[in-house]
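Beneath this line is the structure, given in structure tokens, with notes to follow.
Numbering (the numbering used here), first residue to last: 143 to 426.
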């Protein structure tokens, strides 16, 4: 069976770089208010530009890759003799990209093989990269799906936003809730994982950023994170908080190589700047 590997730009890597790995990455769209044409993530809108828009107070939204691009990509794959597409897009709880890919694959007569990673970003990148590597090693595609899905099911993503005004403007916090949270110095800790069907849910509400990170560290330990897990810290133009988070994680997990990476633009658009993400997932 000839299989193509598909993801989208929420994996956090430019589509050209993913192409070098033999993986097709379809760019999601960044939609500016009162603008007729959306920007393609990475292609038209590098991360630095997104940060500039957020700093200027421009409220953006996000959308799936252009349907024309999805259909053209799958049509070309069919013409090139591919039998199936192995797809790991941003999870269905956050985007309808999954359905768009599935419908296009069915229309083109391609078998659609999908893994729901329940989240996005570094876990999504690791999942699609390892899937392609295992395929190149000669592993059975359905065995690969099972292994990757098991890894994704055990993955954990926590988000600590620091710009409550941005969340309020975007409609994700009521004005009253944002004001009270600011006055009381409450830090909402959000989670995105299999336990909440891939939708963003409130994990806890903590009084300070330091204690919020401590709470996440405790949860990671309680859920059995050990040397078999990969740990990542993501930040949206908030390196000071990212370094503090890494320091706390490194103290709790001294044998881990913990990297700080940019928070993907399609998440930063909604959370605002100085947002910290923490991901933990098993190494395959």
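Glycine included, every Cβ here is placed at the ideal spot set by N, Cα and C.
(message) Given this structure, state the Cα-to-Cα distance separating residue 316 from residue 411, to the nearest angstrom.
(response) The predicted position of residue 316 is uncertain, since its pLDDT is 49 and thus under 50; no value can be drawn from it.
(request) Could you check what DSSP says for residue 417 in three-state terms: helix, strand or coil? (result) coil
(message) Please list the terminal residues of the continuous beta strand (DSSP E) segment that includes residue 224.
(response) First-last for residue 224: undefined, no H or E at that position.
(message) Tell me the DSSP secondary structure of residue 167 in three-state form.
(response) strand
(request) Determine which residues share a DSSP beta bridge with residue 229 and list them. (result) 148, 256
(request) Can you grab the Cα-Cα spacing for the pair residue 220 / residue 250, in whole Å? (result) 7 Å
(message) Within 10 Å of its beta-carbon, does residue 396 have 16 or more other beta-carbons around it, so buried, or fewer, so exposed?
(response) exposed
(request) Give the secondary structure of residue 281 by DSSP, where H, G and I count as helix, E and B as strand, and everything else as coil. (result) coil
(message) Suppose only complete runs of 4+ residues qualify. What are the alpha helix (DSSP H) ranges in the stretch 155 to 209, listed by chain order?
(response) 157 to 162, 189 to 197
(message) Checking the sheet assignment: what are the DSSP bridge partners for residue 353?
(response) Its beta-bridge partners do not exist; DSSP assigns none.
(message) Using only the alpha-carbon positions, how far apart do residue 390 and residue 191 sit?
(response) If you take the alpha carbons of residue 390 and residue 191, they lie about 30 Å apart.
(message) DSSP three-state label for residue 402, please.
(response) Three-state result, residue 402: strand.
(message) Whole angstroms are fine: how far does the CA of residue 254 sit from the CA of residue 356?
(response) 41 Å
(message) Please give me, in chain order, every unbroken run of the beta strand (DSSP E) with length at least 3 that falls completely inside the stretch 324 to 388.
(response) 329 to 333, 343 to 348, 371 to 377
(message) Comparing C-alpha positions only, which one of 203, 295, 331 sits nearest to residue 304?
(response) Between residue 304 and the set 203, 295, 331, the nearest pair of CA atoms involves 331.
(message) DSSP three-state label for residue 262, please.
(response) coil
(request) Note down the Cα distance separating residue 278 from residue 377, rounded to an integer number of angstroms. (result) 32 Å
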